[in-house]
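The listed protein sequences derive, respectively, from chains A and B.
My numbering numbers the first residue of the first sequence as 5 and each following residue consecutively.
My numbering numbers the first residue of the second sequence as 5 and each following residue consecutively.
Positions of the beta carbon are idealized from the N, C-alpha and C atoms, including for glycine.
Notes for the one structure printed next.
2 protein chains.
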Amino acid sequence: MITAPLSKIGVTGSIGMNIRPHIVIIGAGFGGLAAAMKLAGNDVRVTLIDRQNHHLFQPLLYQLATASVDASAIAWPVRALFRKHSNVDCLMGEITGIDTDRKCVLLKNDEVHFDQLIIATGNVPNYFGNAALEKHTLPLKKLEHALDIRNRVLGAFERCEHIDNSVGDENGINFVIVGGGPAGVETAGAVAELTRQALKQDFKNIDPKKTRIILIEAGERILAAFHPKLSDYSRKALEKMGVEIWCNRMVVDCDEYGLTIDDEYLPAESVIWAAGIVASPAAKWLGIETDRSGRIAVDDNLQIKGFNDIYAIGDLALVTGKNGQPLPGLAPVAKQQGKYVAKRILTGEKASAKPFKYFDGGIQATIGRDAAIIQYGRFRLTGRLAWWAWSMAHIYFLITVRSRLSMFSSWLWSCFTMQRHSRLIIGRGEN
Amino acid sequence: MITAPLSKIGVTGSIGMNIRPHIVIIGAGFGGLAAAMKLAGNDVRVTLIDRQNHHLFQPLLYQLATASVDASAIAWPVRALFRKHSNVDCLMGEITGIDTDRKCVLLKNDEVHFDQLIIATGNVPNYFGNAALEKHTLPLKKLEHALDIRNRVLGAFERCEHIDNSVGDENGINFVIVGGGPAGVETAGAVAELTRQALKQDFKNIDPKKTRIILIEAGERILAAFHPKLSDYSRKALEKMGVEIWCNRMVVDCDEYGLTIDDEYLPAESVIWAAGIVASPAAKWLGIETDRSGRIAVDDNLQIKGFNDIYAIGDLALVTGKNGQPLPGLAPVAKQQGKYVAKRILTGEKASAKPFKYFDGGIQATIGRDAAIIQYGRFRLTGRLAWWAWSMAHIYFLITVRSRLSMFSSWLWSCFTMQRHSRLIIGRGEN
Numbered sequence: 005m006i007t008a009p010l011s012k013i014g015v016t017g018s019i020g021m022n023i024r025p026h027i028v029i030i031g032a033g034f035g036g037l038a039a040a041m042k043l044a045g046n047d048v049r050v051t052l053i054d055r056q057n058h059h060l061f062q063p064l065l066y067q068l069a070t071a072s073v074d075a076s077a078i079a080w081p082v083r084a085l086f087r088k089h090s091n092v093d094c095l096m097g098e099i100t101g102i103d104t105d106r107k108c109v110l111l112k113n114d115e116v117h118f119d120q121l122i123i124a125t126g127n128v129p130n131y132f133g134n135a136a137l138e139k140h141t142l143p144l145k146k147l148e149h150a151l152d153i154r155n156r157v158l159g160a161f162e163r164c165e166h167i168d169n170s171v172g173d174e175n176g177i178n179f180v181i182v183g184g185g186p187a188g189v190e191t192a193g194a195v196a197e198l199t200r201q202a203l204k205q206d207f208k209n210i211d212p213k214k215t216r217i218i219l220i221e222a223g224e225r226i227l228a229a230f231h232p233k234l235s236d237y238s239r240k241a242l243e244k245m246g247v248e249i250w251c252n253r254m255v256v257d258c259d260e261y262g263l264t265i266d267d268e269y270l271p272a273e274s275v276i277w278a279a280g281i282v283a284s285p286a287a288k289w290l291g292i293e294t295d296r297s298g299r300i301a302v303d304d305n306l307q308i309k310g311f312n313d314i315y316a317i318g319d320l321a322l323v324t325g326k327n328g329q330p331l332p333g334l335a336p337v338a339k340q341q342g343k344y345v346a347k348r349i350l351t352g353e354k355a356s357a358k359p360f361k362y363f364d365g366g367i368q369a370t371i372g373r374d375a376a377i378i379q380y381g382r383f384r385l386t387g388r389l390a391w392w393a394w395s396m397a398h399i400y401f402l403i404t405v406r407s408r409l410s411m412f413s414s415w416l417w418s419c420f421t422m423q424r425h426s427r428l429i430i431g432r433g434e435n
Numbered sequence: 005m006i007t008a009p010l011s012k013i014g015v016t017g018s019i020g021m022n023i024r025p026h027i028v029i030i031g032a033g034f035g036g037l038a039a040a041m042k043l044a045g046n047d048v049r050v051t052l053i054d055r056q057n058h059h060l061f062q063p064l065l066y067q068l069a070t071a072s073v074d075a076s077a078i079a080w081p082v083r084a085l086f087r088k089h090s091n092v093d094c095l096m097g098e099i100t101g102i103d104t105d106r107k108c109v110l111l112k113n114d115e116v117h118f119d120q121l122i123i124a125t126g127n128v129p130n131y132f133g134n135a136a137l138e139k140h141t142l143p144l145k146k147l148e149h150a151l152d153i154r155n156r157v158l159g160a161f162e163r164c165e166h167i168d169n170s171v172g173d174e175n176g177i178n179f180v181i182v183g184g185g186p187a188g189v190e191t192a193g194a195v196a197e198l199t200r201q202a203l204k205q206d207f208k209n210i211d212p213k214k215t216r217i218i219l220i221e222a223g224e225r226i227l228a229a230f231h232p233k234l235s236d237y238s239r240k241a242l243e244k245m246g247v248e249i250w251c252n253r254m255v256v257d258c259d260e261y262g263l264t265i266d267d268e269y270l271p272a273e274s275v276i277w278a279a280g281i282v283a284s285p286a287a288k289w290l291g292i293e294t295d296r297s298g299r300i301a302v303d304d305n306l307q308i309k310g311f312n313d314i315y316a317i318g319d320l321a322l323v324t325g326k327n328g329q330p331l332p333g334l335a336p337v338a339k340q341q342g343k344y345v346a347k348r349i350l351t352g353e354k355a356s357a358k359p360f361k362y363f364d365g366g367i368q369a370t371i372g373r374d375a376a377i378i379q380y381g382r383f384r385l386t387g388r389l390a391w392w393a394w395s396m397a398h399i400y401f402l403i404t405v406r407s408r409l410s411m412f413s414s415w416l417w418s419c420f421t422m423q424r425h426s427r428l429i430i431g432r433g434e435n
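The structure is reproduced here in structure tokens:
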């Protein structure tokens, strides 16, 4: 409601005291947050800008979508994290562009001057230019997406409960998850647990176990980033949970009632899109070229080629790893890059000799209760032990003590009761 | 997505086994839920219909609106509560009418036959016919409303953080709560705690303490249902917390930027409407008259006058208490009525001799941490002890063990840290 004239925040030197360099960070994901945390308390001014008021722990977003946890267990108001650091300002706002000549980040009603800029805007779903897929499938990138999926999954059962059981196959519900990477696999597993266990006693007229859960992968195997043996283990674990896995299949179209896979039409209640991501369109602000995945070329120090004092980190940055391949879009990569750039800014020239090097801590994915996979170089782990290691690691990486407790108690609760406590259908967009 | 033909659920006798009487309950609020719980496990079939998939513990809804608790702490999927009772069906659906001749409840794509019907549809906000108030103020009746208020309150601070501090009074935010009943008082107190304590360190450019919180009451004093001394205590407690209380003032109009109080225009960031309720429009389904507050006349047994086998309970029923006044729209009234009707249905004629009688357990309201009021006949209690009694009572009345633990831990957490852990702005209606 307030439409007062907006100030130009952070014009260096406009007030005598502001002679410390002003570092602006766009994006409060893993990379941006790590950079801001490293810079906090140091002799710089930091402004962290995000479209949302919260940092989201995206690896567990599928647990919100499947009613296991509350939003507040996996998302934290950014400014609360920097409460004790007077040198960090947080702004919630939409970036409209970057004026590189004037060194200004442009917002809708505002602009922020920077001395150094870190762009950490992450990725967006990739629909490969297919508008029907974008319209009819459900992505899983933001809190809002997870709540939409939760509404759709729970709502489907509520509607089917009206339908007479005798109709037979008519009451079958198909949930389709497109994309056999970690996000797709974890979501498929969680939907299976939700429908097979948590909901099994709740419906009198339909049998949630009849729900088909179909995971579609265009490649030869799911979890292609892992060793084939781990892929195989995951496929078997998912199938045991009742998930059908269709490999070597391409989703070519989608409408309100289902989707076309190769040349077969499959009716579906919900189609969750975990098939591809593309770097966020930050390159457009700078008017520069990207690779096919939308990533921006950076030098060894993560500075965007051709721009002084502007860095790109995380999923947005095209960085080549030891094996000659681009580094994957993982939280640890983004976090290490955020810390690296922050350190470089703080130490100045001294650090510039050392190029960024990714420390690979291994990769992991979870399939369901007691089933997970971990791969660290040649070391591979599956099963219950892997699941516990996965759980402990994820609880450890949650940002606040409160969320750790909350997540731990939610998991403990569902472990013992097999229930999901957040099964609320909350309307979005209407009252 | 599924549009298969829908069955007629509950046509008594259509299948040989279904000879048990079919009790249909509309509304899963306090009254409807109490009736269903009493009927569960007995020799009747029960269908509980609600527009939502959850029962909402409305007395604590303001705590969701002010970021203290998560939605899952105060709302539970109805069907999960009746998981163990095979004689209770739950349906999520919108009622479109009642066919009293055929004894059918009509839904959008369905109809449900009943032998006995309990209508427990509660109340809706009363805007006294003013469309501007309905459009521009925020009610607080459903989860969605609470999340809207949370978005507005937190969003206001985020926007103002962009504005230069030097602008002075321009960065003041007015939150207006209309209605000095328990809902209005509790919301005002919670908004004051949120802005004065939880947010005070978070903003660098604005001072959340400068926020004006104005509680408007048309009558002579707030909490008019309580003894004047308790009203007075509450007024002082609120004022100490920084809430301005304007009594004898009428809100006459409202627009996007503020509201008109008597003949004064007050700019306001958000206007929360807790000024009046009216019974839900269930009387229309029956084509009968109501009193000014939309309530339906019932006999001593809570049967709607002129209709056999149709009961009205809770806020919808006009029942006169011992003092000759209509019973208030309180949860205990609805719960006792729900139990009474269920018992009457189960015992048949025997019970009909005993008219419904309300057991008055007293009334209570909370103003903020360590400040609450309790009134039971001539007994009155204020202060910290009242607050503890209020807290314990509310935790006790939460439906599930999970929520009790969750609520208790949330409160304990905010008690020690003064923080609010659910401060997320989650978009509604857009991605």
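What separation, rounded to the nearest whole angstrom, lies between the Cα atoms of residue i and residue j?
i, j, result
"T324/A", "A187/B", "58 Å"
"L428/B", "F412/B", "20 Å"
"R348/B", "I102/B", "22 Å"
"L331/B", "R299/B", "11 Å"
"G2/B", "D105/B", "A query on residue 2/B cannot be resolved here, the shown segment of chain B reaching from 5 to 435 and no further."
"K145/A", "F360/A", "27 Å"
"I377/B", "W277/A", "52 Å"
"T51/A", "L95/A", "7 Å"
"A202/B", "D374/A", "39 Å"
"Q4/A", "F363/A", "With chain A running from 5 to 435 in the structure shown, residue 4/A is simply not present."
"T199/B", "L227/A", "46 Å"
"I217/A", "R154/A", "15 Å"
"I371/B", "L151/A", "32 Å"
Could you tell me which of the options sits nearest to residue i, measuring between CA atoms?
i, options, result
"A79/A", "F207/A, T294/A, H59/A and K347/A", "H59/A"
"I29/A", "L137/A, R296/A, Y66/A and L110/A", "L110/A"
"S407/A", "V405/B, A397/B, R424/B and I403/B", "R424/B"
"V265/B", "E148/B, K112/B, L219/B and L389/B", "Looking at the sequence itself, residue 265/B is Ile, so the reference to Val does not match. When only C-alpha atoms are compared, the closest one is L219/B."
"L64/B", "F420/B, L37/B, Y269/B and Y400/B", "Y400/B"
"N130/A", "E138/A, V255/A and L409/A", "E138/A"
"V256/B", "K208/B, L242/B and A136/B", "A136/B"
"S90/B", "A44/B, K214/B and Q62/B", "A44/B"
"C258/B", "L416/B, F207/B, H140/B and G133/B", "H140/B"
"G36/B", "E248/B, T125/B, T370/B and M254/B", "T125/B"
What three-state label does DSSP hand residue i in the structure shown?
i, result
"L428/B", "coil"
"E268/B", "strand"
"V323/B", "coil"
"S18/B", "Any reading at S18/B needs caution, since the residue's pLDDT is 41, under 50, leaving its predicted position unreliable; the model's value is listed next. Coil, per DSSP."
"L416/A", "helix"
"T386/A", "strand"
Check the C-beta distance from residue i over to residue j and give it rounded, since I have them as a contact under 8 Å.
i, j, result
"H231/A", "D119/A", "Rounded, the Cβ-Cβ distance is 45 Å, inconsistent with contact."
"D114/A", "V82/A", "Contact flag wrong, Cβ pair sits at about 17 Å."
"L322/B", "D295/B", "6 Å"
"R87/A", "D206/B", "6 Å"
Under a Cβ-count criterion, where at least 16 other Cβ atoms within 10 Å of its own Cβ denotes burial, should residue i be classed as buried or exposed?
i, result
"P271/B", "exposed"
"F383/A", "exposed"
"V157/A", "buried"
"I281/A", "buried"
"Y380/B", "exposed"
"F34/B", "buried"
"A346/B", "buried"
"N327/A", "exposed"
"P285/A", "exposed"
"V337/B", "buried"
"M396/A", "exposed"
Name, please, each residue of chain D whose Cβ falls closer than 8 Å to the Cβ of residue i.
i, result
"Q56/B", "You won't find chain D in this structure, because its protein chains are A and B."
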